[in-house]
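Numbering (our numbering), first residue to last: 59 to 475.
Idealized CB from N, CA, C, for every residue including glycine.
It should be emphasised that the depicted structure is a prediction, and the values quoted were computed from it without experimental measurement.
Right, one structure below, let's go through it.
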Amino acid sequence: MSDFKSLNLLPSILTEIERKGYINPTTIQSKSIPVLLKGSDLLGIAQTGTGKTASFSLPIIDRLGRLSTRPEPLQVRALILAPTRELATQIHKNICSYSKGLKINSAIIIGGVRKENQIEELKDGMDIVVSTPGRLMDLMGGGHIRFDELEVFVLDEADMMLDFGFYEDVKTISSKLPKERQTALFSATMPRQIEELAKKLLNNPVKVQSAPQSSTISKIEQLVYFVEENDKLALLQMLLADESIQRVLVFCKAKYGVINVVEDLAKNGISHGEIHSNRTQTQRDEAIAEFSEGKIRVLVATDIAARGIDVLDVTHVINFNLPDDATYYVHRIGRTARAGKDGVAISLCGERDLALLRNVQRQIKKDIPTILDHPFHKEFPPLKVKKKRVGSSASFRERKRPSQAKRRAKKKFLENL
Ligand code: AMP
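Structure follows, in structure tokens:
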């Protein structure tokens with residue numbers, strides 16, 4: 059497939075695609091759209107930034123746009139589940155624009171805002187609902203939403219659902235959906251639990267994959283600065299003195315880190331916003347809107363924002379800390395160099411980040427160039443290579459221990475977002 063026209067999408071959808079300036083479908087779009095238009099289930103390995111939203115939204119809109127009837131009260135025809143409010147908002151915004159000119163209604167059902175308005179919106183039935191799991195479960199429990207007429211279910215960013223502790227919620231929600239339906243599951247990675255979930259949810263799915271992660275970030279210039287933890291704020295100020303850093307996302311490992319950076323930016327009179335779980339949804343939305351409109355130069359965030367933010371012209375991503383999970387590095391830096399633009403990703407690497415940097419370099423299969431010539435440069439001793447213990451009882455203990463450690467790390471990760 060070489061262009062959108064050959065897909066037989068409704069003319070108003072093609073008009074909107076053209077208005078958005080899309081010329082050709084992306085890889086994931088050309089592979090997914092025909093499959094979904096045919097009605098098959100789909101397993102998509104793709105991350106944000108690949109055009110994945112349109113891959114599932116356009117076939118849904120095309121399908122529902124051809125119907126002449128309205129959904130019954132409380133009923134929903136297509137459900138899209140996403141792990142973060144930011145990502146759900148992003149998807150809903152896209153759906154609203156792709157479905158302009160069609161008699162399709164859509165709603166976003168997320169936490170952090172009053173549910174009364176959402177309940178009111180759902181009363182007369184809804185073609186498309188984009189939702190995060192928590193609020194959806196709440197409204198389902200109250201009988202405010204029903205799925206007897208559901209035709210399509212999309213689970214987006216399934217691996218992030220797992221990371222954010224929504225696995226059980228997703229299983230509960232999907233168990234309440236009709237068995238006769240079309241299902242698409244998208245995930246950036248395929249851990250074992252997601253493979254099992256896919257087996258349960260999907261019926262004879264077609265498997266499609268976008269370009270591998272490492273190649274999607276090839277346009278991003280990646281750099282590392284070695285620096286003492288205590289000097290990171292000063293180094294950040296030094297970097298921000300460079301005016302070519304026009305719109306920058308700064309990622310911290312935890313919300314307390316974000317607050318620390320934000321206080322320093324405020325002291326230095328740098329326009330900024332912040333996103334983490336201590337901020338209300340309205341504050342989070344406002345921060346993204348101001349960042350998109352160029353009213354603020356720096357947006358400081360936890361990994362809540364690692365996948366959901368689709369702001370054009372993010373010139374730089376700065377990792378104030380490296381993430382514990384190397385795949386998040388790829389998601390974070392993918393916030394820059396979007397839609398064919400260039401971008402720079404800078405990582406501030408303290409002694410505590412060294413092992414994480416090693417994991418990142420393994421993940422992206424290359425060494426990231428180091429900037430040595432700066433006033434805060436610090437030489438760290440090389441990482442010690444841990445020797446594996448051998449022997450049956452020791453190796454049994456070793457196998458046991460990481461899973462507990464992993465569970466604790468995950469709990470801490472979620473609490474600190
Ligand atoms: P997504 O991966 O869905 O978050 O999309 C990433 C970015 O690519 C968004 O800004 C989309 O508007 C843009 N995009 C999606 N499809 C296309 C396309 N076919 N051509 C150009 N840009 C696109």
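Consult DSSP for I86 and reduce its assignment to one of helix, strand or coil. If DSSP states are grouped into helix, strand and coil, I86 belongs with the helices.
Quick check: R193 and G169, are their CB atoms within less than 8 Å of each other? yes
Three-state secondary structure assigned by DSSP to T190: coil
CA-to-CA distance, K399 to I81, given in whole angstroms: 16 Å
Taking the alpha-carbon of I162 as reference, which of I119, K181, I149 has the nearest alpha-carbon? I119
Collapsed DSSP secondary structure at N377 in the structure displayed: strand
Which two residues bound the contiguous beta strand (DSSP E) that contains G401? 401 to 407
Nearest chain C C-beta to V320 closer than 8 Å, yes or no? Given the protein chain composition of this structure (a single chain), no chain C is represented.
Just to confirm before moving on: does the CB-CB distance between L475 and D361 stay below 8 Å? A contact, by the Cβ cut-off of 8 Å.
Provide the residue(s) that pair with S164 in DSSP beta bridges, ordered along the chain. I186
Between T385, L293, R396, T111, which lies nearest to S90 when the distance is taken from Cα to Cα? Comparing Cα positions, the closest option is T111.
Relative to the C-alpha of R143, which candidate in K464, D383, K353, E344 has its C-alpha closest? Of the candidates K464, D383, K353, E344, the residue whose Cα lies closest to the Cα of R143 is E344.
Here's a check: name, in chain order, each residue in its chain whose Cβ is nearer than 6 Å to the Cβ of E409, leaving out the five neighbours to either side. If you ignore the 5 residues before and after E409, its C-beta comes within less than 6 Å of the C-beta of F438, all in its own chain and listed in chain order.
For the candidate residues N318, G401, D322, whose alpha-carbon lies nearest to that of C310? N318
Which of the three DSSP states is assigned to R393 in this structure? For R393, the three-state secondary structure derived from DSSP is coil.
Tell me, to the nearest whole angstrom, how far the beta carbon of A476 is from that of Q280; I am working on the premise that it is less than 8 Å. Residue 476 is absent from the model: the chain starts at 59 and stops at 475.
Cβ contact check for the segment 210 to 227 and the segment 247 to 260: 3 or more pairs under 8 Å: yes
Can you round the beta-carbon distance between Y386 and A364 to whole angstroms, since I take them to be within the 8 Å contact cut? 5 Å
Considering Cα atoms alone, identify which of R420, E473, L132 is closest to Q176. Cα-wise, what sits closest to Q176 is L132.
At 4 residues or longer, and completely inside the segment 75 to 159: list those alpha helix (DSSP H) runs for me, N to C. 85 to 96, 110 to 123, 143 to 156
Between the segment 280 to 295 and the segment 421 to 439, do three or more beta carbon pairs fall short of 8 Å? yes
Could you give the first and the last residue of the continuous beta strand (DSSP E) run that contains Q280? 278 to 284
Are the Cβ atoms of D185 and L260 separated by less than 8 Å? no
Whether D382 touches T106 by CB criterion (8 Å): no
Report yes if the C-beta distance between I328 and R305 is below 8 Å; otherwise report no. no
What residue range is occupied by the uninterrupted alpha helix (DSSP H) comprising I303? Looking at the DSSP string, I303 is not in any alpha helix (DSSP H), and its letter there is neither H nor E.
Could you tell me whether the Cβ atoms of V188 and I231 are closer together than 8 Å? no
Helix, strand or coil: which one does DSSP assign to E332? strand
So for T247, helix, strand or coil by DSSP? DSSP places T247 in coil when its eight states are reduced to three.
Alpha-carbon spacing of A463 relative to L145, whole angstroms: 29 Å
When you compare only the Cα positions, how much space is there between T241 and P83? Each residue's alpha carbon lies about 21 Å from the other.
Quick one, which of F62, E473, L298, I86 has its alpha-carbon nearest L243's? Closest option to L243, Cα to Cα, is I86.
Could you tell me whether any non-hydrogen atom of ligand 1 is closer than 7 Å to the CB of N82? yes
Ordered along the chain, which non-local residues of its own chain (more than five positions away) have a Cβ less than 7 Å from that of V320? H330, E332, V358
Euclidean distance between Cα positions of R416 and P427: 13 Å
Buried versus exposed call for Y314 [16 or more other C-beta atoms within 10 Å across all chains shown]: Y314 is classed as exposed because its beta carbon has fewer than 16 other beta carbons within 10 Å across all chains shown.
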